[in-house]
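So the sequences go chain by chain: S and R.
Here my numbering is used: the first residue of the first sequence is 749, the next is one more, and so on.
Here my numbering is used: the first residue of the second sequence is 3, the next is one more, and so on.
Okay, structure first, notes after.
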Amino acid sequence: DTGVSQDPRHKITKRGQNVTFRCDPISEHNRLYWYRQTLGQGPEFLTYFQNEAQLEKSRLLSDRFSAERPKGSFSTLEIQRTEQGDSAMYLCASSPPGGGQFFGPGTRLTVL
Amino acid sequence: AQTVTQSQPEMSVQEAETVTLSCTYDTSESDYYLFWYKQPPSRQMILVIRQEAYKQQNATENRFSVNFQKAAKSFSLKISDSQLGDAAMYFCAYGRTGTYKYIFGTGTRLKVLA
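Set out below in structure tokens:
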């Protein structure tokens with residue numbers, strides 16, 4: 749499969765726990781994006797990378813959130829001390845230099 | 003700040019008929035991209051069509067076409083010969099040239115009636 753993949757697809761955790769999600773972009777896509785989507789809403793931008801550099805972070809990305817993209821390939825999004833308000837679908841997308849984002853299936857997070 | 007507005011939370015269309023989904027946006031930029039994405043239930047988002055702001059010609063992809071009115075900041079999607087598989091949430095998105103960070107609307111749920 750040559751599309752964007754995300755792991756896990758579903759995550760249920762208890763409030764206060766840490767969680768980490770992984771995104772594998774399409775090969776040779778130099779840009780990688782994280783979005784959050786809550787029920788009935790469109791995706792909201794969280795952060796993006798060009799190669800390994802994190803170039804922009806949204807105000808939505810509190811100090812409890814951290815994202816990395818070591819070596820400019822896969823990326824991880826970690827949420828520390830999860831809160832019920834963090835429950836959402838976390839989407840990853842990648843794009844080639846010319847633009848046009850391809851989305852992964854998302855990781856659905858439920859915080860109890 | 004840029005915003006994207008989809009004023010139709012839900013639309014219905016009879017199979018084989020044509021439907022138009024509306025989208026308006028606000029930006030002070032002159033160089034940008036606009037997109038329509040489709041998100042079927044419990045499935046991932048798929049790019050339907052893309053429009054570069056500098057192009058006057060409206061984009062077309064098979065049964066999907068757009069009406070891009072740059073001065074009015076309007077970007078509607080027309081689906082011709084609607085099929086049952088077109089049923090999904092449709093999101094309009096704005097992408098600023100350079101970052102390609104997207105701003106999405108709240109979506110329009112399209113129902114296709116057999």
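Where a beta carbon is used, it is the ideal one built from N, C-alpha and C, also for glycine.
Treat the numbers as computed from the prediction; the structure is a model and nothing was measured.
Residue i and residue j closer than 7 Å at C-beta
i, j, result
"Asn-778/S", "Gln-754/S", "no"
"Thr-22/R", "Lys-80/R", "yes"
"Gly-820/S", "Glu-800/S", "yes"
"Leu-115/R", "Gln-16/R", "yes"
"Ala-836/S", "Thr-768/S", "no"
"Phe-66/R", "Phe-77/R", "no"
"Tyr-39/R", "Gly-97/R", "no"
"Thr-824/S", "Val-859/S", "no"
"Glu-12/R", "Ser-84/R", "no"
"Leu-857/S", "Lys-759/S", "yes"
"Val-752/S", "Gly-852/S", "yes"
Residue-level contact to chain R via CB, residue i, 7 Å cutoff
i, result
"Phe-851/S", "yes"
"Pro-818/S", "no"
"Pro-844/S", "no"
"Phe-793/S", "yes"
"Gly-764/S", "no"
"Gln-789/S", "yes"
Residue from the options whose Cα sits closest to the Cα of residue i
i, options, result
"Arg-45/R", "Ala-89/R, Glu-19/R and Glu-63/R", "Ala-89/R"
"Ser-806/S", "Thr-830/S, Tyr-781/S and Leu-860/S", "Tyr-781/S"
"Thr-795/S", "Gly-847/S, Ala-841/S and Val-859/S", "Ala-841/S"
"Met-91/R", "Gly-100/R, Thr-108/R and Asp-28/R", "Thr-108/R"
"Thr-7/R", "Asp-28/R, Leu-112/R, Ser-84/R and Arg-98/R", "Asp-28/R"
"Ile-827/S", "Pro-853/S, Lys-762/S, Gly-848/S and Phe-850/S", "Lys-762/S"
"Phe-813/S", "Gly-848/S, Leu-860/S, Gln-765/S and Pro-756/S", "Gln-765/S"
"Thr-5/R", "Lys-103/R, Arg-111/R, Lys-113/R and Leu-112/R", "Lys-103/R"
"Ser-775/S", "Glu-831/S, Phe-822/S and Asp-834/S", "Phe-822/S"
"Ala-815/S", "Arg-770/S, Arg-757/S and Thr-750/S", "Arg-770/S"
"Leu-808/S", "Asp-772/S, Gly-833/S, Ile-760/S and Gly-751/S", "Gly-833/S"
"Asn-64/R", "Lys-57/R, Val-50/R and Thr-26/R", "Val-50/R"
"Gly-847/S", "Ser-32/R, Ser-30/R and Glu-54/R", "Glu-54/R"
"Lys-72/R", "Lys-57/R, Thr-99/R and Phe-106/R", "Lys-57/R"
"Thr-750/S", "Asp-811/S, Gln-789/S, Phe-850/S and Ser-810/S", "Phe-850/S"
"Thr-26/R", "Pro-42/R, Arg-111/R, Gly-100/R and Val-68/R", "Val-68/R"
"Leu-112/R", "Glu-31/R, Pro-43/R, Ala-3/R and Ser-30/R", "Pro-43/R"
"Glu-31/R", "Ala-3/R, Ile-48/R and Phe-37/R", "Ala-3/R"
"Ser-810/S", "Gln-789/S, Arg-817/S, Arg-784/S and Gly-790/S", "Arg-784/S"
"Ser-82/R", "Thr-62/R, Phe-37/R, Arg-52/R and Ile-48/R", "Thr-62/R"
CB contact check: residue i to chain S, cutoff 7 Å
i, result
"Gln-46/R", "yes"
"Lys-75/R", "no"
"Thr-7/R", "no"
"Asp-62/R", "In the sequence under discussion, the amino acid at residue 62/R is Thr, which differs from the Asp named in the question. Not closer than 7 Å to any Cβ of chain S, the Cβ of Thr-62/R fails to qualify, so no."
"Phe-106/R", "yes"
"Val-109/R", "Contrary to the premise, residue 109/R reads as Gly rather than Val in this sequence. With 7 Å as the cut-off, Gly-109/R counts as an interface residue toward chain S."
"Lys-103/R", "yes"
"Phe-66/R", "no"
"Phe-70/R", "no"
Strand pairing of residue i, partner residues [DSSP]
i, result
"Asp-755/S", "Arg-770/S"
"Ser-67/R", "Thr-62/R and Lys-80/R"
"Ser-810/S", "Paired residues: none, contrary to the question."
"Thr-721/S", "One cannot answer for residue 721/S here, as it falls past the ends of chain S, which runs 749 to 860."
"Met-91/R", "Gln-41/R and Arg-111/R"
"Met-13/R", "Leu-112/R"
"Arg-98/R", "Tyr-34/R"
CB-CB length for residue i against residue j, believed under 8 Å
i, j, result
"Ser-24/R", "Ser-14/R", "The Cβ separation is near 15 Å, so there is no contact."
"Thr-101/R", "Glu-804/S", "6 Å"
Closer than 6 Å: residue i CB and nearest the ligand FAD heavy atom
i, result
"Cys-771/S", "For the structure depicted, the ligand FAD is absent and the ligand set is empty, with no information on it obtainable."
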